[in-house]
Amino acid sequence: MSEDKLKMYERALAREKAARKEAERILEDKSRELFYKSQELQKANIQLERLVQEKTSELKGVFENIVDAYVVTNLLGDVLKMNEAAEALLDFTIEDKKNLMDTLHPDDYEKAAIGFQKLYKTGSLTGFNIRIVAHGNTILLELNASIVYDENKQPIAAQGIVRDITQQKAAEQKLINSENRLSAVISNLESGILLEDENRKVVIANERFCDFFSIAITPAELIGQDCTNAAERYKHLFENEERFVTRIKTLIKLKEQVVGDELQLKDGRIIERDFIPIYEEGKYKGHLTTYRDVTLHRRFRKNIEAERAKYSSIIANMELGLVEVDTNDKILMVNQSLEEMSGYKEQELLGKRGRDILLDKESQQRLLEENKKRLKGTSNSYEVVAITKQGEKRHWLISGAPNYDVSGNIIGSIGIHLDITAIKELELQKESLLQKLASSNHELQEYAHVVSHDLKSPLRSLDALLTWVKEDNVDGLSSDSLENLDLMGTTLEKMEQLISDVLEYSSVSSDEKEVQDVSVSGVIDDIEKLLHIPDNIRIEREDTLPIIKADRVRIQQLFQNLMSNAIRYSDKEMGIIKIGCEQGKEYNTFSVSDNGIGIEKEYHDKIFEIFQSLNKHKDSTGIGLSIVKKIVDLYSGKIWLESTPGEGTTFFFTLKK
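Take 10 as the starting number for the sequence shown in the working numbering and just add one per residue.
Shown next, in the form of structure tokens:
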């Protein structure tokens with residue numbers, strides 16, 4: 010080998026060694042940089058784990074301190090976890106290792122089995138009422154429960170919130186019983202009752218009224234009938250036909266209370282009529298007319314006294330508290346129910362002013378004002394706060410009316426009292442729960458935004474590191490390694506998309522948004538520009554898509570998710586997506602249909618649940634249809650679908666016009 014050629018090889022070898030050293034230096038620098046980045050990522054993961062632990066602890070505190078009873082059981086009903094409220098309600102602790110079936114009322118075993126089957130099948134159970142035996146008493150419970158699933162979506166436990174609704178149901182039944190008794194009293198009164206609204210349409214009539222005027226239809230059939238010309242139709246029954254018609258017109262025109270109008274019928278009967286106008290906040294709302302046959306009263310006073318005694322007994326024993334007072338508000342009579350409601354005996358109340366004994370100071374002033382109105386002939390209803398003899402605060406609803414003597418002079422008033430304490434407490438509980446729910450939703454949304462930001466940061470760092478590794482080792486890695494790195498990058502992108510979708514789902518709430526006229530056709534135009542629509546997909550729409558009142562961003566989210574799904578799961582050479590609308594009186598019914606892969610009927614409800622994706626598409630996070638349903642629910646609409654596997658799917662949803 011010549012000396013020149015040898016020197017040439019030596020120079021080439023030297024250059025190769027220098028290049029190798031430079032490559033080793035670059036690799037060492039990149040490795041050091043990668044090490045530092047790994048350290049930073051490790052610190053970020055530690056911070057993320059600590060944050061998750063803190064939030065988990067916070068959630069645990071919420072469940073432990075929730076006002077309602079909270080219970081977790083296995084699938085056999087054995088109690089695994091319960092808060093203090095549950096221990097107090099069910100009368101045992103977690104250490105007792107009890108099964109919920111042990112507490113059931115014997116007559117509700119079959120009902121409980123049916124309820125659990127429904128819970129296991131559907132995954133949730135709401136508003137389920139069942140009885141248990143605890144603290145030696147039978148307690149009626151309302152149960153709202155759900156199934157807990159493992160990471161493989163297999164049921165592993167059940168959880169639920171339990172409320173004691175014994176008193177609530179008792180109060181509701183008591184109110185129903187009272188209404189039924191009042192209805193029965195009206196139906197069986199000896200007086201004919203006719204209640205008309207401000208347009209002279211019949212609201213209430215009883216059998217006795219029909220008997221007085223030989224009306225061939227039932228009281229129920231009378232409801233809604235127009236009484237404008239009734240006087241003309243029935244004037245032939247009266248001795249003085251024209252006076253009967255004229256008097257009715259005068260009463261309607263003056264709208265003033267008249268008691269004891271005497272009517273002489275051609276068959277010899279004598280009827281007394283009372284005309285009572287009804288006002289609500291000073292506005293005329295109709296009138297009540299009562300008719301009494303006083304023929305026998307004039308002939309047989311003793312029989313009438315017996316009737317009076319019978320009705321006095323009814324009043325004394327009805328569950329509504331009754332008080333009669335004079336014009337100075339001094340008590341003349343109370344019934345037994347009022348005694349039970351107040352804790353006072355009749356002898357303790359007679360001759361005394363009821364407001365001084367029975368009401369708090371604010372309600373005393375209210376009653377004084379209402380009594381002034383009654384002295385002017387006004388009947389009304391209002392609420393007061395009562396203090397019982399035992400010092401207990403109760404809420405009463407009072408319906409009061411003036412009391413007249415035979416000459417039509419006001420001699421006092423009569424008040425009917427209904428204890429509505431239980432209803433008031435339920436209203437206060439509802440308001441409190443709504444406030445807590447609003448606060449909780451706000452905190453959860455803030456938490457979702459924070460967690461989303463904290464989760465995306467390390468994902469972006471990982472993506473950058475993968476890019477650097479690929480760039481630095483593009484010639485040194487095998488095709489399998491590069492493919493794995495690409496797969497990791499795709500996975501990171503999907504994780505970031507999942508986090509974004511979860512944040513978007515949590516942001517869809519009932520908070521007031523800007524409501525404006527939204528052209529559905531304009532929304533579809535924007536979506537077609539925004540989405541990547543393949544060449545083999547054709548979008549068709551009706552020309553009559555309406556303009557609706559809504560928030561434009563939400564409507565775009567709704568249609569965009571449905572159209573994206575149709576594109577994503579198209580399997581035909583030519584995919585067709587059709588958008589239509591059928592306009593009704595109150596709702597618009599929209600449809601988005603495709604000729605894609607279709608959906609089995611058994612999954613029609615499941616697909617609207619969050620993270621439920623039936624086909625593991627690389628671009629699907631399983632949240633899109635959950636967002637769609639949430640938006641439809643916010644607008645008080647409904648969503649459903651019709652589908653034939655292999656032929657296509659049509660989604661229908663309604664929005665208020």
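Beta carbons: idealized from backbone N, C-alpha and C, even for Gly.
Item: Looking at the strands, I want to know which residues DSSP matches up with W649.; Value: F661
Item: Near N83, which residues of its chain fall below 7 angstroms by C-beta distance, leaving aside the five closest residues on each side in sequence?; Value: L89, A166
Item: Which residue from E265, V529, A575 puts its Cα closest to that of K385?; Value: E265
Item: Tell me the rounded alpha-carbon separation between T135 and L152.; Value: 6 angstroms
Item: Is Y578 helix, strand or coil when you go by DSSP?; Value: coil
Item: Let me check understanding here. Comparing Cα to Cα, which of I407, P654, I419, L150 lies closest to T430?; Value: I407
Item: How do the segment 182–198 and the segment 276–290 stand: do at least 3 beta-carbon pairs fall below 8 angstroms, yes or no?; Value: no
Item: Mapping DSSP to helix, strand and coil, what is C236?; Value: coil
Item: Using only CA atoms, which one of H613, S652, G655, P654 lies nearest to K638?; Value: H613
Item: Please list the terminal residues of the continuous alpha helix (DSSP H) segment that includes V641.; Value: 633–643
Item: Whose C-alpha, out of I632, S351, N604, is nearest the C-alpha of I616?; Value: I632
Item: Return the Cβ separation of R550 and I585 in integer angstroms, given the expectation that the two are a contact with Cβ distance under 8 angstroms.; Value: Not a contact, Cβ separation roughly 11 angstroms.
Item: Would the beta-carbon of S573 fall within 8 angstroms of that of K587?; Value: no
Item: To which residues does DSSP link M583 through a beta bridge?; Value: According to DSSP, which records beta bridges pairwise, M583 is partnered with nothing at all.
Item: Would you kindly report the start and end of the unbroken beta strand (DSSP E) that includes F668?; Value: Nothing can be reported for residue 668, as the shown portion of the chain is limited to 10 through 666.
Item: What are the complete alpha helix (DSSP H) segments, minimum 4 residues, inside the segment 535–581?; Value: 561–577
Item: Give me the residue from N418, E609, Y596 with the minimum Cα distance to T336.; Value: N418
Item: Does the structure place the segment 391–399 close enough to the segment 136–152 that three or more beta carbon pairs sit under 8 angstroms?; Value: no
Item: On the criterion of 16 or more Cβ atoms from any shown chain inside 10 Å, does G409 qualify as buried, or is it exposed?; Value: buried
Item: Would you mind sorting V296 into buried or exposed? The rule is 16 or more other CB atoms within 10 Å of its CB.; Value: The displayed chain sequence assigns His, not Val, to residue 296. Counting Cβ neighbours within 10 Å, H296 comes out buried, since at least 16 surround it.
Item: Going by the DSSP bridge assignment, what does W405 pair with across the sheet?; Value: V393, D428
Item: Buried or exposed for G201, going by 16 or more other Cβ atoms inside 10 Å?; Value: buried
Item: Report the three-state DSSP secondary structure of A27 (helix, strand or coil).; Value: helix
Item: Using the DSSP secondary-structure output, state which residues sit across from E281 in a beta bridge.; Value: E271, R301
Item: Quick one: grab the DSSP three-state call for L60.; Value: With a pLDDT of only 49 at L60, under 50, the local geometry of the prediction cannot be trusted, and the value read off the model is given with reservation. Helix, per DSSP.
Item: Counting along the chain, where does the alpha helix (DSSP H) carrying L98 start and finish?; Value: 93–99
Item: Looking only at its own chain, which residues have a Cβ that is under 6 angstroms from the Cβ of M110, when we skip the five neighbours before and after it?; Value: G86
Item: By DSSP, does F137 sit in helix, in strand, or in coil?; Value: strand
Item: When DSSP labels each residue in this structure, what does E591 get in the three-state scheme?; Value: strand
Item: In whole angstroms, give me the CA-to-CA distance for T175 and L437.; Value: 17 angstroms
Item: Can you tell me whether A559 is buried or exposed, with buried defined as 16 or more other CB within 10 angstroms of its CB?; Value: buried
Item: Specify the secondary structure class of L341 as computed by DSSP and reduced to three states.; Value: strand
Item: Could you name the residues that DSSP lists as bridge partners for H296?; Value: E205, P286
Item: What would DSSP say about V80, mapped onto helix, strand or coil?; Value: strand
Item: Would Q177 and L435 be called neighbours here (beta carbons separated by less than 8 angstroms)?; Value: yes
Item: Do F661 and I640 have their beta-carbon atoms positioned less than 8 angstroms apart in this structure?; Value: no
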